[in-house]
Each structure stands twice: as C-alpha cells, then as structure tokens.
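In terms of this note's numbering, the sequence shown is residues 1055 to 1457. Where a beta carbon is used, it is the ideal one built from N, C-alpha and C, also for glycine. Given the structure is predicted, the values throughout are model-derived calculations rather than measurements. Scroll down for the structure; my scribbles are underneath it.
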Amino acid sequence: DEPVVIVGAGHAGFQLAASLRQSGYEERIALINNEPHLPYQRPPLSKGFLEGNGDPQAVFFRPESFFRDYRIDLVEDHVVEIDRMTRKTSFQSTRSLNYRHLVMATGARNRLLRMPNAGHDDVRYLRSLADSEAIRERLENAKQVVVIGAGFVGLEFAATAAAKGIAVDIVELAPRIMARVVSPVVSGYFQARHEGAGCCIHSARSVSAIETANGRLQCVILDDGRKLPADLLIVGIGVVPNVELAMAAGLPSQDGIVVDQHLATVDPNISAIGDCALFSSHRYKSPLRLQSVSNAVDQAKCLAARLTGKIRPFDSLPWFWSDQGNDKLQIAGLIDSYEDIVVRGDPDQNSFSVFCYGDGILRGVESVNRVGDHMAARRLLAACTTVDPDKAANLSFDLKTAL
Ligand code: FAD
C-alpha cells in the first residue's frame, strides 16, 4: 500500500497528482508541500496578483476539498532525505514515508545576488506567494524601484510597478532585454514599450554596489558609476534547479536532475519533472531543462500516462508566454538556433509575429498580441512542418493552410 510520493507541490507536482487520478490511478498518492499554502500558480505573482489586492485563494489550483475528493494526501512537510535502498523519504518533521514510485518535482529557486547589502530587507526576490504578497505591500509606498535582470519575471514586475506610477530603473547585463530567449526584434519592441511606460533600461550594465543608510536602501550603483536612487530593489537574475536532494541520493544531476526521454532517472523507481528536470529531448536531440508552466504540465501528463501503463517518450513542443503591461508575448518552439527571421504584421501596430528559421526550417515563432498566429505556429512546429518565409510574412496567407 505504498504511495506514489511526489516531492514538491508546484505546477508539475500538482498536475501529476491530478492527472494520475484522471488517468484512473487508484493507489495512494502523497503530494509533499513545503509551502504554507494550498498548491498555487506562480504566473500571476508577477502580474495580476501583484497588481491588485486579491485574495491568495485566487491563485490556488483547487480548494482543499479537491484533494479530499480525489484522495490526494497533501502532506505539509519538507523532504530531507531519500533512501533508495529501502525506498524511503524522510521529512523535516522526522516523519517518513515509503514509496512505490518517487517523483522529484522540486522546481527551482532564485539565483542570489552576492554582494554587500544584498541581504537587506529592501532587496527582494519574486518566486513564491509569500514573496509576491510582501512585494505588493511594499509597492504601496515605493517611489523608486530598481530591477536587476530584464528576463520575463523582472520585466513583468517592472510593467506592474510602472503602471502604479512608480519610477522604475531596469539593469541588465546583456546588451538587450530578454536576450537569451527572444529575437532582437522582440527585444527592441519590448524595450520601446517599457520605456514608453516610463521605465528606464540600462543594458550592458551591472550593479557594483548597493548603498543603504539609516536602515533603508538608498541607491544602487552601476559599473559606470551612475547612482540609481531606490527604496526597493527587485532581483530577477534567474533560477537554479533544486537538485541537492537528488544528488545526495546519488542520482546524476548537473544543471537539473538527469532523466531520459521517459522522464526516468537512473533509478527505475524515481522520476523527475518540471523546472528541476534535465531531460533528454527527443525533439531537439539534446539535454534540455525548461522553466515554464507548459513544460511542467506536459511532463506531468506524460509521466502520469507512463505510471498508468501508457508509455510514450516526452516530446511536447515547448511554448511560453509572458504578459508585460498590455502586451501578450507568446513563444512557440525555442528561439535559439536560427539565422533568418521574417516578420508578419506590424510592430508599430503592436501586433506582429517573428518567424525564426535555421537551415531553412522553421524553428520558433514569437507572437506579440497575435494569439491566432501563436496557436497556428504551435501546431505547425509540433508537426515539424515548415512554412515558406514569403507566405509567413504575408498577412493574407492563412497559416492554418500550411498544416
Ligand atoms: P515549482 O513551481 O518551483 O514547484 C516546486 C515546489 O517544490 C516548490 O513549492 C518548492 O518549494 C517545492 N520543494 C522543493 N524542494 C522540496 C523538498 N525537498 N520537499 C518538499 N517540497 C520541495 N511560466 C510560464 O510558462 N509563464 C509565465 O507567465 C510564468 N510566470 C512566472 C512568474 C513568476 C513570478 C515565477 C516565479 C515563475 C513564472 N513562470 C512562468 C515559471 C513557472 O511558474 C515554472 O516554470 C513552474 O512553476 C515550474 O513548476 P515546477 O512544479 O517544476 O516547480
């Protein structure tokens, strides 16, 4: 009567528990939750939740009754050790639980800024519901905010703060914003939109010091000596996967817990999914670790299928979204290996898509306020179908006909 034990109740862990039940899994499921709330969604934490004054319940996946009704044991605890020989997980509370199958869904944590004063109370990170609640409270009185890191989360936060009339400076090490994940066309568009909303972007710059006085943050000093006054500093410099527990149990881990195409570790009784999993990508023929809701959800569904006897490799098309101010950015595929791009629509009209080609093959599509393009692109890319660049650029060409 040993349960499937799921370590971590984020997007991946929650979805796995729900999908197992939906797939008819009848045995016990234990979902280990180390946060002081019911399992919740993270995307609103840098967007709608931060903007309003809503109740935390608005971000919960499901009410408590769902877990009772579906016989999912929500265990409030933190797993501190895995004994693979006896198939036992030990908790911080000194309890322990033997498992039939163990799933690592431990996610990722914020990469920390390491410099004097980085631990000051006015320096904040945004990952958890508690982080978002604390930042939201601070935004009520903040006048000047500095954001370090122009990735999705940093920019979503910046747009929310700017909309509240707060002065926002964004500091980014790379020469352009979101450089790792979008094309220069999309970076340029969003740079103009954030500047138009009143944000000041400092690209190709780093922070050399954080100054405080009388117990409060005063300013951030850039590597060119410039001083940015601030009463709140938000750090969004990326995340690191939570692999330590797996490593201590002897499971191979690098930048993620290593799993194969079926999301299985080297131990047949242990799998890993979501932000913490470095999976062998069938589609891209390389190890990949993705940080997105779609990846967490799709991997959870794939694993639920395997644990209920429907074995198939994980091969979902990656896709992402980011809402920044009034703009919706959606990305289908990966924007990494491309040489040519084609723009469909008009950035000046705030509605366009960028088709990225490598070796003449469509690799990824970024859409800004063009949901129809994004949906068509996902189907095209999932089916490994390319679309002629001339046709892609032609707005009167219906992308669905390329399928
Ligand atoms: P997580 O959600 O990180 O959950 C892992 C859980 O495991 C955590 O609760 C952690 O505390 C717990 N855990 C870790 N170790 C242990 C342990 N030893 N014992 C018990 N529990 C443990 N993605 C998008 O696609 N679109 C977006 O717009 C978007 N916006 C985002 C906004 C914010 C502010 C953040 C932080 C992320 C956003 N993401 C977005 C990313 C997305 O939320 C993540 O990719 C997703 O949450 C990954 O799910 P996960 O379950 O793998 O990890």
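Exercise. Can you tell me whether DSSP reads threonine 1455 as helix, strand or coil?
Worked result: Here threonine 1455 sits in helix by DSSP.
Exercise. Which value, in whole angstroms, describes the spacing of the CA atoms of leucine 1371 and glycine 1279?
Worked result: Cα to Cα, the separation comes out at about 44 Å.
Problem set entry | Rounded distance between the beta-carbons of valine 1235 and valine 1261, thought under 8 Å | Actually they are not in contact, since the Cβ atoms of valine 1261 and valine 1235 sit about 22 Å apart, beyond 8 Å.
Problem set entry | Contacts around threonine 1440, its chain only, beta-carbon distance under 6 Å, and the 5 residues preceding and following it disregarded | Excluding the 5 residues flanking it on each side, threonine 1440 has same chain C-beta neighbours closer than 6 Å at Ile1415 and Leu1416, in chain order.
For this session: Look at the Cβ atom of threonine 1319, then the Cβ atom of isoleucine 1327, and state whether they are nearer than 8 Å.
Result: Against a cut-off of 8 Å, the Cβ pair of isoleucine 1327 and threonine 1319 comes out as no contact.
For this session: Evaluate the contact criterion for the region 1097-1106 versus the region 1134-1143: three or more CB pairs, one atom per stretch, below 8 Å.
Result: Contact fails: fewer than three Cβ-Cβ distances are below 8 Å.
Exercise. Going straight from the alpha carbon of methionine 1301 to that of serine 1150, what length do you get?
Worked result: Each residue's alpha carbon lies about 19 Å from the other.
Exercise. Cα separation between glutamate 1105 and arginine 1190?
Worked result: Cα to Cα, the separation comes out at about 7 Å.
For this session: Kindly indicate the opening and closing residues of the beta strand (DSSP E) around histidine 1155.
Result: Note, histidine 1155: beta strand (DSSP E), 1155-1158.
For this session: In angstroms with no decimal places, state the Cα-to-Cα distance between glutamine 1384 and alanine 1246.
Result: Each residue's CA atom was taken as its position, placing glutamine 1384 and alanine 1246 some 18 Å apart.
For this session: Using beta-carbon positions only, say whether tryptophan 1373 and arginine 1432 come within less than 8 Å of one another.
Result: Closer than 8 Å, so yes.
For this session: Can you give me the start and stop residues for the alpha helix (DSSP H) that aspartate 1277 sits inside?
Result: Counting along the chain, aspartate 1277 sits inside no alpha helix (DSSP H), nor does DSSP assign it H or E at all.
For this session: Compute the minimum distance between the beta carbon of leucine 1348 and the heavy atoms of the ligand FAD, and state whether it is under 7 Å.
Result: Leucine is not the amino acid found at residue 1348; the sequence shown has serine there. Set against 7 Å, the gap from the CB of serine 1348 to the closest heavy atom of the ligand FAD is smaller.
Exercise. When the Cα of aspartate 1131 is compared with those of Leu1085, Asn1152 and Leu1344, which residue comes out closest?
Worked result: Per the Cα distances, Leu1085.
Problem set entry | Opposing strand residues paired with cysteine 1410 [DSSP bridges] | According to DSSP, which records beta bridges pairwise, cysteine 1410 is partnered with Ile1395 and Gly1418.
For this session: Would you list the residues sitting across from isoleucine 1086 in a DSSP beta bridge?
Result: Under DSSP, isoleucine 1086 forms a beta bridge with Val1061 and Val1129.
Exercise. Does at least one heavy atom of the ligand FAD sit under 7 Å from the Cβ of proline 1372?
Worked result: Not under cutoff, so the answer is no.
For this session: Kindly list the residues whose CB is nearer than 6 Å to the CB of alanine 1354, restricted to its own chain and excluding five residues on each side of it in sequence; keep chain order.
Result: Cβ within range, chain order: Ala1066, Gln1069, Leu1070, Ser1073 and Ile1327.
Exercise. Based on the DSSP secondary-structure assignment, which residues constitute the bridge partners of alanine 1228?
Worked result: Looking at the DSSP assignment, alanine 1228 forms no beta bridge with any residue, so it has no partner.
Problem set entry | isoleucine 1288 and valine 1397 closer than 8 Å at C-beta | No; because the gap between Cβ atoms is not below 8 Å, this pair is not in contact.
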